[in-house]
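> Chains Z and R, in that order, are what the protein sequence lines are.
Numbers 82 to 301, taken from my numbering, label the letters of the first sequence in order.
Numbers 82 to 301, taken from my numbering, label the letters of the second sequence in order.
For every residue, glycine included, the Cβ atom is placed at its ideal position computed from N, Cα and C.
Below is one structure. I have some questions about it.
2 protein chains.
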Amino acid sequence: MPSISEDHYLKSIYHLTSRKKRKPVFTNELAQALGLRPASVTGMLQRLAAQRLLHYRPYQGVQLTPKGRLRALAVIRKHRLWEYFLVEKLKFRWHEVHAVADLLEHVDSDLLIHRLDAYLGYPKLDPHGDPIPDENGHVPATGFLLLSSLRPPAQAIITGVTEQHPAFLHHLERLNLHRGTRLQVRQISEYDGSMDLLIDPSQPLTISRQTADQILVNSL
Amino acid sequence: MPSISEDHYLKSIYHLTSRKKRKPVFTNELAQALGLRPASVTGMLQRLAAQRLLHYRPYQGVQLTPKGRLRALAVIRKHRLWEYFLVEKLKFRWHEVHAVADLLEHVDSDLLIHRLDAYLGYPKLDPHGDPIPDENGHVPATGFLLLSSLRPPAQAIITGVTEQHPAFLHHLERLNLHRGTRLQVRQISEYDGSMDLLIDPSQPLTISRQTADQILVNSL
DNA sequence: AAAAAAAGTTAGGTATACCTAAAAAGAAAA
DNA sequence: TTTTCTTTTTAGGTATACCTAACTTTTTTT
Ligand SMILES: [Mn+2]
Ligand SMILES: [Mn+2]
Ligand SMILES: [Mn+2]
Ligand SMILES: [Mn+2]
């Protein structure tokens, strides 16, 4: 019953809500995130509110209801399970998965998702290190840190990223930074915050503050 | 660019055309096959004709153009590859696959289908014994016979079915008839055409003419 | 506290894809 | 060859999901 458009609105509201602590999500930021015009967003928000998927007060933004949140998490679960499948089974690269998972996430079959989950061995994290919600909408906690928060001579393992754009993921591949890559922080520039790292086979590497801000790690 | 509705029309016209030798497909049979009203079908046929996907002459039925035929075969290819995936990897049963493949067949990504095909080992037949068209729209010939065309004491192996309804596939499962089942025709009733068979571990079984008409075999 | 700017909503329009009811065309029967 | 029946099309309507342009509400600046 939920349409592709509805899926995208709910998912987008969920992500915007969690990325910033602030409660309501505003029409314009949603329009921005979805690549639509604000007038279109207003119309859809009113219809989603009529379905009790979110609370809508004119001019005051929206918040998901528990029902809306569960719908959003169901879509996110499907998205991340498919991403895992694409990388682990079909040998997709990090930057190729997102666009395809964005199509597969709308396939509506509980049986399919259940069998897929079993086939994949009930993974807890997607290829970007994002947690995969379970069928009840529970999101496992990860406790990952931003690489940019470490200080020399911290050692860590890359566990994920906070940014999905193909250009960024491509950038990481060129730098030879992947999930599972072990690294040590050697030095941080006082001037621009860039980090000197030593990765896997004692190879030195310098990355920008901007890049370090998007990388998640497990500290060792 | 092709919508789910367009996919279904093209696929349905293709199947109706090949199942009967007759050239054009008529509005009412399409409406019947798609579960829609004739008036709706007329409207869509006119729009597909405007896209040069089929030839439409009012009151005279339609025929796919080469372009329309390729579109139909691309959808059928996706459908059958997904069916193969569902059965071989996700352990779906014969009767469960069709509904789910009918959703997955609309996911529009050449990269995905290409990688899926490779992952599955470039299968030539789907779980119902139907040939999987290649990326150029070539449909491999199978040369299977109808079980009902055999005469005692012919021996054969079940290779597929010509009917996809879950009720029929369920019926076959209850009879213990699967793809790969070896059988011998013992006797055919003069009265109602029912067939006495001997299957795998010399187990006798009688099936109706109607059932035998929907089973494809390779004669030994 | 006005005025100006920004944010959000309403009004009216488009395309897709369905529907019912009425009209028209073609095929079959009288 | 008319009449009747069946098939198909047209006409007009609905819901979804977008759009632009005009208007209203809220926020910020003067
Ligand atoms: Mn999507
Ligand atoms: Mn992801
Ligand atoms: Mn389908
Ligand atoms: Mn099949």
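Measuring CA to CA, which of R/Arg260, R/Pro233 and R/Gly261 is closest to R/Glu271?
It is R/Pro233 whose Cα lies nearest to the Cα of R/Glu271.
> Checking contacts by CB at 9 Å: is Z/Glu177 closer than that to chain R?
Yes, because at least one Cβ of chain R sits closer than 9 Å to the Cβ of Z/Glu177.
> Under the assumption that R/Pro105 contacts R/Gln141 (Cβ atoms under 8 Å), give the Cβ distance between them as a whole number of angstroms.
Contact flag correct, Cβ pair sits at about 6 Å.
> Under the assumption that R/Tyr165 contacts R/Asp207 (Cβ atoms under 8 Å), give the Cβ distance between them as a whole number of angstroms.
Right, the Cβ-Cβ distance comes to about 5 Å (below 8 Å), so this counts as a contact.
> So, at 6 Å on beta carbons, what are the nonlocal neighbours of R/Leu126 in its own chain, with the 5 sequence-adjacent residues on each side left out?
Closer than 6 Å at Cβ, skipping near neighbours: Tyr137 and Val143.
> Taking all protein chains shown into account, decide if Z/Gln295 is buried (16 or more other Cβ within 10 angstroms of its Cβ) or exposed.
The residue is buried, with at least 16 neighbouring Cβ atoms inside 10 Å.
> For a cutoff of 9 Å on Cβ pairs, would you count Z/Asp189 as touching chain R?
With 9 Å as the cut-off, Z/Asp189 counts as an interface residue toward chain R.
> Which residues bound the beta strand (DSSP E) around Z/Ser300?
Ile296 to Ser300 is the extent of the beta strand (DSSP E) around Z/Ser300.
> On a CA-only basis, which of Z/Phe173, Z/Ala199, Z/Pro204 and Z/Leu193 is nearest R/Asp191? Give me that one, please.
Among Z/Phe173, Z/Ala199, Z/Pro204 and Z/Leu193, the Cα nearest to that of R/Asp191 belongs to Z/Phe173.
> Quick check on the DSSP output: the beta strand (DSSP E) that includes Z/Asp207 runs from which residue to which?
Element bounds for Z/Asp207: n/a, residue is neither H nor E.
> Going along chain Z, which residues have a C-beta under 7 Å from R/Leu197?
Leu171, listed in chain order.
> According to DSSP, simplified to helix, strand and coil, what is R/Ala237?
The answer is strand: DSSP assigns R/Ala237 an E or B state.
> Counting contacts by CB-CB distance shorter than 9 Å, is Z/Ala248 in contact with chain R?
No, no contact with chain R.
> Hey, quick one: how far does the beta strand (DSSP E) through Z/Val266 stretch, first residue to last?
Taken as a continuous stretch (DSSP letters only), the beta strand (DSSP E) holding Z/Val266 covers Arg263 to Ile269.
> If you draw a straight line from the alpha carbon of R/His187 to that of Z/Leu227, how long is it in whole angstroms?
Taking the straight line joining both Cα atoms gives about 38 Å.
> Beta-carbon within less than 6 Å of Z/His179's beta-carbon, same chain only, minus the 5 sequence neighbours each way: which residues are those?
So the list reads Gln245, once near-sequence residues are dropped.
> Using C-beta distances below 6 Å, list every residue in its chain close to R/Pro247, excluding the 5 sequence neighbours before and after it, in chain order.
If we look at R/Pro247 and ignore the five residues flanking it on each side, its Cβ neighbours are His176.
> Buried or exposed: R/Leu254, going by 16 or more other Cβ atoms within 10 Å of its Cβ?
First, the residue type needs correcting, since residue 254 of chain R is Glu and not Leu in the sequence shown. Exposed.
> So is R/Leu185 in contact with chain Z if we call contact Cβ pairs under 9 Å?
Chain Z, which has a Cβ nearer than 9 Å to the Cβ of R/Leu185, makes this yes.
> Using the beta-carbon of each residue, which ones in chain R are nearer than 9 Å to Z/Tyr200?
Under the 9 Å cutoff, chain R gives Lys170, Leu171 and Lys172.
> Check whether the Cβ atoms of Z/Arg267 and Z/Leu256 sit closer than 9 Å, and answer yes or no.
No. Outside cutoff.
> Is it the case that the Cβ atoms of Z/Thr146 and Z/Leu154 are separated by a distance below 9 Å?
The answer is no: Cβ separation not under 9 Å.
> What does a CB cutoff of less than 7 Å around Z/Ser275 pick up in its chain, not counting 5 residues either side in sequence?
Answer for Z/Ser275: Thr287, Ile288, Ser289 and Arg290, listed in chain order.
> For Z/Leu154, which residues in chain R fall below 7 Å Cβ to Cβ?
Correct list: empty, because the minimum Cβ distance to chain R is about 20 Å.
> Tell me, please, whether the CB atom of Z/Leu167 is closer than 9 Å to any CB atom in chain R?
Chain R contact via Cβ: present.
> If we define contact as Cβ-Cβ less than 9 Å, is R/Leu117 a contact residue for chain Z?
No, because no Cβ of chain Z sits closer than 9 Å to the Cβ of R/Leu117.
> For ligand 2, I want to know if Z/Val178 counts as a neighbour, meaning its beta carbon is within less than 8 Å of at least one of the ligand's heavy atoms.
Yes, Cβ of Z/Val178 sits closer than 8 Å to a heavy atom of ligand 2.
> Compare the C-beta of Z/Leu192 with all C-beta atoms of chain R and state if any pair is closer than 9 Å.
Yes, its Cβ sits closer than 9 Å to a Cβ of chain R.
> For Z/Ile94, write down the residues that DSSP places opposite it in a beta bridge.
For Z/Ile94, which the question treats as bridged, DSSP gives no partner whatsoever.
> Let me see if you follow: with CB-CB separation under 9 Å, is Z/Ala180 close to chain R or not?
So, interface residue.
> Return the CA-CA distance between Z/Asn299 and Z/Thr240, expressed in angstroms with no decimal places.
Looking at the two C-alpha atoms, the distance is approximately 6 Å.
> Shortest alpha-carbon distance to R/Thr243 belongs to which of R/Ala222, R/Leu264, R/Asp281 and R/Ala293?
That would be R/Ala293, whose Cα lies nearest to the Cα of R/Thr243.
> Take Z/Leu162 and list the residues in its own chain whose beta-carbon comes closer than 8 Å to its own, dropping the five residues that flank it on each side.
Answer for Z/Leu162: Ile194, Leu197, Asp198, Leu201, Pro204, Asp207 and Ile213, listed in chain order.
> Thinking C-alpha only, which one of Z/Ile157, Z/Glu169 and Z/Leu258 is nearest Z/Gln284?
Checking every option, the nearest Cα to that of Z/Gln284 belongs to Z/Leu258.
> Quick one, which of R/Leu250, R/Asp281 and R/Ala235 has its alpha-carbon nearest R/Ile269's?
Measuring from the Cα of R/Ile269, the nearest candidate turns out to be R/Ala235.
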